Structure formats: structure tokens, C-alpha cells
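What the sequence shown shows, in numbering that gives the first Met the number 0, is residues 0 to 373, in sequence order. Beta carbons are placed, not taken as given, at the ideal position from N, Cα and C, and that holds for glycine. A quick note: this is a predicted structure, and the numbers were derived from the prediction, not measured. Take a look at the structure set out below.
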Amino acid sequence: MRRKRPDDRSDRHDRSLDTVEPPGTGELLVVVFVVTLLVLALGSVANSVVWLVGFMVFLPGAASALCTVRQTVLVCVWTTLVVGAVAGVWVDGAAAPIDRVLILLLTVCLGVASVYACHRRIGREREMLRLRSVAGAMQRQILLPLPLDTADVVVDGVYEPLQEDRLVGGDVYDVVESPWGTRVLIGDVQGKGLPAVGAAFAVIGAFRAAARRERELTAVVDFLDASVGWHNVRAERAGDDERFVTALVVDIGAHGDARAVNCGHVPPYLLHAGSVTEPRLTSGVPLGLTALTDEPVTVDAFPFPPGAVLLLSTDGLMETRSADGTFYPVEQDLARRVRLPADLLPRALCDDARAFAGVGGQQDDVAVLTVRRA
């Protein structure tokens, strides 16, 4: 039975769903009043108040992007009153009456447009908040918060979708405790965002069922492949795109070895005694594409002694590029951080990859797991 240690990932997801808070009404009034005084003062100095006061029409536009509808209406009314008063009573020979009327009409029209834009913006934000809340709930059901503990292993890691406000990406992982040991899955669904959720559900659901039921690792992988095939059949009937999934399934028991099946996924790294090695695994075809080949599923074994750390990741880490197109050197960075505690290593690698990418930033979803014996 899986035992989960609490962490703050759910709290981070909840905070990521918050919308930007509008400014307080008092703060807004102070800013508007100060801007008005500055415009009038500059207009007096320039001896062209009517034309300069036209710059105040930008206040409603700024309010529509940052404030509530009521606050935007307040700014629009204030701006219209100020422009109307200046245009009506200020003596300015450089501005003809028709110019003053046009400025006032422009102020009124932009105020109405600003209120409408603010109303539309808030409606979109509420809809986006609803969709992101649903996505966040789905994400927490698909990918359980890390770390995850079993009787055999402790799994730490980080998961970072490409876009911070898109909580569901194309990467999946899971840890299942079975009668034959702990099975760990990491995979990458073709595509990102909500369109990839269906395939992610199919893979995770199939893994949670097969990992407990099937003794042989080949049977687990066959069931995963069948689940992706069933998903593609339904997707084709619905007019959606078919998808494939690269995956790595690792079986870790009480003995010193681990077994793995690599379905076209990024190979793992083994960190032990200050060295970094890559277990020799046969790379098969991704899930959902096995019908295109006659190659059997191959199970490879490799040493996994106590004190060793197995690093699993998706291609979003190793395919991170710098501005000049150079790939992030994962193995070199691992060699530099080989003695870092396993619970800190995933975050350190993600931070290093982000710094390596520079201005371009993260280019794909990233999932990094560390597995060590309990």
C-alpha cells in the first residue's frame, strides 16, 4: 500500500489558480488624483491645457486592464468630468471650440469602450479560472503529490508543465506497490495540455490496475499498450488525433537488482558511490505503436544496490537548449551534483536547466524523479 508524505504541491497549485487582485479603491483614487494634478500642472506650464488634458483618456484604458468594472466606471466618470471642465471653461486661444468638443467626445467614447473591455476581460478571467480549477483537480488526480513512499523505495521529484498556468502537461508518472515489488512509471504523452489528458488518464489508470495484478513486467507493459490503443480507437471515432506514449517502467523488489522495460523513453541514470552510469536498456517502441513492429517486449535487469539513486526524467530535461542551440548537458550536471541528496536533486537539475536555457526559458514539460531504496 502506497504511503504518501505530505508536501506543498497542492498548495502551490491552488495558489497558481489565483487571479491578479485589483487595486484598492482608495489607492486607485490617489493615483488618478495625482495623475490629474500632474496633467493640469504640465498643461499650465505648456500653456496648452486642453490638448495636454487629452492624455487623461489613457486612464480608463489602464483601468480596464487592471481594475474592476465599478472602478473602471469611476475612472471614466472622473476623466470625463475633468476633460469637460477644462474644455468648457479654460481659456486657450490655441484650441478651437471644435477641438474641445472632439476631445470631450473622444474621452466619452474611450470611456465606454474601456468599461466594455473591462467587462469582457473579467468574464474571460472567470472562465479561465474555472477551466484552470478543473485542470488543477484533474492534475491532482492524475499525478499524485511527491514524494511517494512504499515499503521498497522513496520517490522524490518535480513536475513542471511548459506553461505555469497550464497544470496538465504531457508528462506522467506513478508509483504502485505490488506483491512483487514497487513498480515506477514515467512517461511522455504525445502532445501537451488538455488534449493529452485522455491519453494520460488511460496510461495512469492502466498502470495502477496492471501493476498490482500482473506478476510479469511484460504483461504490465502489454496492458499499457492496449490501453493506449483503446484510447486511440475512441479518439479516432471522435475525430481527435491518435497519440503515442513513450514510457519507462521499472520494477524494484527487495533484492539488489532492478528490472525495467523501456518503451522508447529517455534512459535512466544510476548514481552510486560518487559515479554516474547509464544502465543498458533495450529501447523498444512507444506505447500505441507496437502494432507497427514484431519486436517483443524486452525486460532488462541492472544493479540497484542500497545507497544508489535512480534518476528518471522526460525528454523535456535533456532537450533543453541554450540560445545558441546547445543541448543541456544532463550527465555532466549530474556528475557535478552526484552527492546531492536525492530529495534535492530534481529541483536542482530543473533550476540548472532553466538557467542554461537563458532568455528562451523552458521549452517543454519537465518531469524528474529520483528513486532510492527505503
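Check                                                                                                                   : Outcome
Backbone CA spacing between HIS230 and ALA237 [nearest angstrom]                                                        : 11 Å
Beta-bridge pairing of PHE222 - partner residues as DSSP gives them                                                     : Answer is none; PHE222 lacks a bridge partner.
Same chain, Cβ closer than 7 Å to PHE355, neighbours up to 5 away in sequence not counted                               : THR319, SER321, TYR327
Residue burial classification, SER113 (beta-carbon count within 10 angstroms, cutoff 16)                                : buried
Cβ contact check for the region 286-305 and the region 343-357: 3 or more pairs under 8 Å                               : no
Inter-residue CB distance, THR369 and LEU344 (contact presumed, cutoff 8 Å)                                             : 5 Å
Residue environment, TYR172, which counts as buried when at least 16 other CB atoms sit within 10 Å                     : buried
Spatial distance of ASP256 from VAL248 (CA atoms)                                                                       : 14 Å
VAL153 - containing beta strand (DSSP E), residue span                                                                  : 152-159
Exposed unless 16 or more other CB atoms sit within 10 angstroms - verdict on ASP13                                     : Note that ASP13 scores 43 on pLDDT, short of 50, meaning its location in the model is unreliable; the coordinates nonetheless yield the value given after this. ASP13 should be labelled exposed.
8 Å Cβ cutoff met for ALA339 and ALA307                                                                                 : The sequence given here places Leu at residue 339; Ala does not occur at that position. Contact: no.
DSSP bridge partner residues for ASP187 (one or two, in chain order)                                                    : ASP170, THR245
Rounded separation between GLY110 and CYS117 - CA only                                                                  : 11 Å
Nonlocal neighbours in the same chain, by C-beta distance under 6 Å from PRO178, ignoring five residues either side     : none
Nearest-angstrom Cα separation, counted from CYS262 out to TYR158                                                       : 20 Å
Extent of the continuous alpha helix (DSSP H) run through SER63                                                         : 57-65
Nonlocal neighbours in the same chain, by C-beta distance under 6 Å from ALA209, ignoring five residues either side     : VAL219, PHE222
DSSP state of ASP256 mapped onto helix, strand, coil                                                                    : strand
Neighbourhood of VAL265 by C-beta distance below 7 Å, restricted to the same chain and skipping five residues each side : SER312, THR313, ASP314, MET317
For HIS271, the residue or residues it bridges with in DSSP                                                             : SER274
Bounding residues of the beta strand (DSSP E) (the contiguous stretch that carries PHE301)                              : 299-302
Sequence-distant residues of its chain with Cβ nearer than 8 Å to ILE141 (five each side left out)                      : VAL167, VAL171, VAL196, ALA199, PHE200, ILE203
VAL81 versus ARG119 - alpha carbon distance                                                                             : 26 Å
Burial state of GLU126, where buried means 16 or more other Cβ atoms lie within 10 Å                                    : exposed
Three-state class that DSSP yields for GLU235 in the structure shown                                                    : helix
Nearest-angstrom Cβ-Cβ length linking VAL244 and GLY156, presumed shorter than 8 Å                                      : At roughly 18 Å, the Cβ-Cβ gap does not stay under 8 Å, so VAL244 and GLY156 are not in contact.
Endpoints, beta strand (DSSP E) assigned at ALA366                                                                      : 365-372
Status (buried if at least 16 other CB within 10 Å, exposed otherwise) for ASP151                                       : buried
Of the listed residues PRO295, VAL174, ALA341, PHE32, nearest to PRO305 (C-alpha basis)                                 : ALA341
Residue burial classification, ASP323 (beta-carbon count within 10 angstroms, cutoff 16)                                : exposed
Neighbour-count burial assignment, GLY25, 16 or more Cβ in a 10 Å radius                                                : exposed
8 Å CB neighbourhood of GLU241 in its chain, flanking five on each side removed                                         : ASN231, ALA234, GLU235, GLY287
CB-CB length for ARG258 against LEU216, believed under 8 Å                                                              : 6 Å
Anticipated Cβ contact below 8 Å, ALA373 with THR149, distance rounded                                                  : 7 Å
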